[in-house]
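> Below: one structure in structure tokens.
Numbering (this note's numbering), first residue to last: 29 to 242.
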């Protein structure tokens with residue numbers, strides 16, 4: 029009964045959000061105690077961006093009915109985002125997001141007070157022109173460090189809140205391949221959902237790891 033009620037409320041709230049966003053296409057979502065953040069774009073092809081492109085983070089109230097804020101440009105009226113498809117908030121309320129400037133380029137950005145604080149493009153010791161940083165999963169630890177996935181190298185990158193790489197963990201050593209999405213639960217455990225190779229007959233896997241010190 030409780031699950032049914034929760035599902036109905038969630039469906040109703042998301043339906044309200046879609047009505048509030050109107051013609052925009054939602055991509056990523058993050059829910060806080062008092063707001064709902066949704067990254068959006070205009071309809072049509074995602075790239076290349078033009079002067080008519082609208083790449084926003086829309087902040088809604090918990091009901092999804094009212095827009096509290098729209099984040100799109102910095103103070104110099106420069107576009108902040110290209111195509112955000114994962115985002116979180118750190119403990120200070122700043123936005124951490126995975127952004128895609130093009131179909132084959134992915135970056136991690138931190139936004140503080142409508143300005144890009146830093147950009148992370150991967151570890152230069154790993155990536156080459158042939159192998160680029162490609163992240164799809166993102167989470168933030170209790171102490172404010174950032175964990176992101178990289179499917180192509182089956183690795184996790186742990187960054188400080190200032191965007192400094194603390195450690196790069198090669199998950200192949202644990203037989204964890206193609207990490208796709210992340211979640212850190214209430215107890216601080218890290219959940220990793222993995223992508224399945226298109227040629228594989230096996231099911232996709234979800235792993236639960238205990239992490240400490242980050």
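For each residue, glycine too, the CB sits at the ideal point set by N, CA and C.
Select from 120, 93, 63 and 194 the residue whose C-alpha is nearest the C-alpha of residue 138.
The residue with the shortest Cα to Cα distance from residue 138 is 120.
> With DSSP run on the structure shown, which of helix, strand or coil describes residue 62?
coil
> Contact defined as beta carbons within less than 8 Å: I believe residue 117 pairs with residue 67. What is the distance between those atoms, to the nearest angstrom?
Wrong, their Cβ atoms sit about 13 Å apart, outside the cutoff.
> Would you check if the region 144–162 and the region 185–192 touch, i.e. whether three or more CB-CB distances between them fall below 8 Å?
yes
> If distances are taken between C-alpha atoms only, which option among 213, 190, 233 and 226 comes closest to residue 203?
233
> Let me know if residue 76 comes out buried or exposed under the rule of 16 or more other beta-carbons within 10 Å of its beta-carbon.
exposed
> Have a look at the DSSP bridge pairing and note the partners of residue 71.
Answer is none; residue 71 lacks a bridge partner.
> For residue 195, list the residues DSSP reports as bridge partners.
186
> Thinking just about the alpha-carbon of each residue, which of 198, 142, 124 and 141 is nearest to the one in residue 135?
124
> Output the distance between the C-alpha atoms of residue 102 and residue 227, rounded to the nearest integer angstrom.
44 Å
> What is the rounded straight-line gap between the Cα of residue 131 and the Cα of residue 73?
11 Å
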